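Asks:
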Amino acid sequence: MKMRVILSGLIGGLLLCGAVVANDYVTNGGLQSLRGSTELDSQQDAQQMKKVVEQAKPYENDYVFQPPLIPHQIRHYEVNLNANKCLSCHSWKNARDSGATKISVTHYEARDGEVLSDVSPRRYFCLQCHVPQNDAQPLIENQYQRVESLR
Ligand code: HEC
Ligand code: HEC
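Quick note, the sequence shown lines up with residues -22 to -1, 1 to 129 if you use mature numbering (1 follows the signal peptide of the UniProt record, and there is no 0).
Written out as structure tokens, the structure is:
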């Protein structure tokens, strides 16, 4: 009985020591990940917001039927059940006055090809397909090239 108590005390002590020692050596082993080389047990500083590239002329497409990239800032542009800021410039009604490109006819087509009198629900949430660009470097090197016919 006595022996058992001593033994479990010993094991308990060892485990505790182990935990303390392990805690002192939490390390990412020098590996870099998307969170940089910040150690696992500390919080990485938030990165600076990247600047959206704004330009006067549209981006060139990389493949046929690509949703064109957005060449302007879209911060605070609401798109929800009650309002669609994008359409206040890009709808057929407002495009002439705003100088923005009209959304194309495809944006009025329902799934079965039926042409509606207003923007099709499946084209309502513009940012599903259209995105602005920022000055970030690609996370992973790649050799992507524009399709031959558009080069
Ligand atoms: C204040 C008016 C305005 C609003 C609001 C607006 N845009 Fe634009 N947008 C423009 C103008 C003007 C252009 C074309 C000139 C330019 O390149 O800036 C343009 C260009 C674009 C283009 C490029 C079109 C092409 O031919 O390549 C896309 C895509 C686009 N906008 C999407 C959006 C989306 C999505 C939203 C909502 C999140 C939005 N825009 C909100 C005015 C607006
Ligand atoms: C499901 C994807 C999708 C959604 C959602 C969508 N678009 Fe598009 N958009 C496209 C594609 C693909 C093209 C290019 C081919 C075409 O015109 O259909 C395009 C083209 C455009 C163009 C260029 C038209 C031209 O004649 O060059 C504008 C401007 C545009 N979209 C604005 C918008 C706005 C504003 C919204 C939201 C109301 C929106 N899009 C929602 C996919 C989408």
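We treat Cβ as the ideally placed atom computed from N, Cα and C, and that holds for glycine.
Treat the numbers as computed from the prediction; the structure is a model and nothing was measured.
1) Thinking C-alpha only, which one of His54, Cys67, Phe43 is nearest Cys107?
2) Measuring from the CB of Ala61, is there a heavy atom of ligand 1 at a distance below 6 Å?
3) With 16 as the cutoff for other CB atoms within 10 Å, does Ala114 come out buried or exposed?
4) CB-CB under 6 Å to Leu65, same chain, minus the five flanking residues each way: which ones, in chain order?
5) Would DSSP call Ser66 helix, strand or coil?
6) What does the Cβ neighbour count give for residue 162, buried or exposed, with the cut at 16 atoms within 10 Å?
7) Give the secondary structure of Glu126 by DSSP, where H, G and I count as helix, E and B as strand, and everything else as coil.
Replies: For this structure:
1) The residue labelled residue 107 in the question sits at position 129 within the sequence shown. Checking every option, the nearest Cα to that of Cys107 belongs to Phe43.
2) Numbered from 1 along the sequence shown, position 83 holds the residue referred to as residue 61. Flag unset: Cβ of Ala61 not near ligand 1.
3) Working through the sequence shown from its first residue, we reach residue 114 at position 136. Ala114 is exposed by the Cβ-count criterion.
4) In the sequence shown, counting from the first residue as 1, residue 65 sits at position 87. Cβ within range, chain order: n/a, list empty.
5) For the purposes of this step, residue 66 is taken as the residue at position 88 of the sequence shown. Ser66 falls in the helix class under three-state DSSP.
6) As shown, the chain starts at -22 and ends at 129. That puts residue 162 outside it, with no answer to give.
7) As a working note, residue 126 is residue 148 in the sequence shown. The answer is helix: DSSP assigns Glu126 an H, G or I state.
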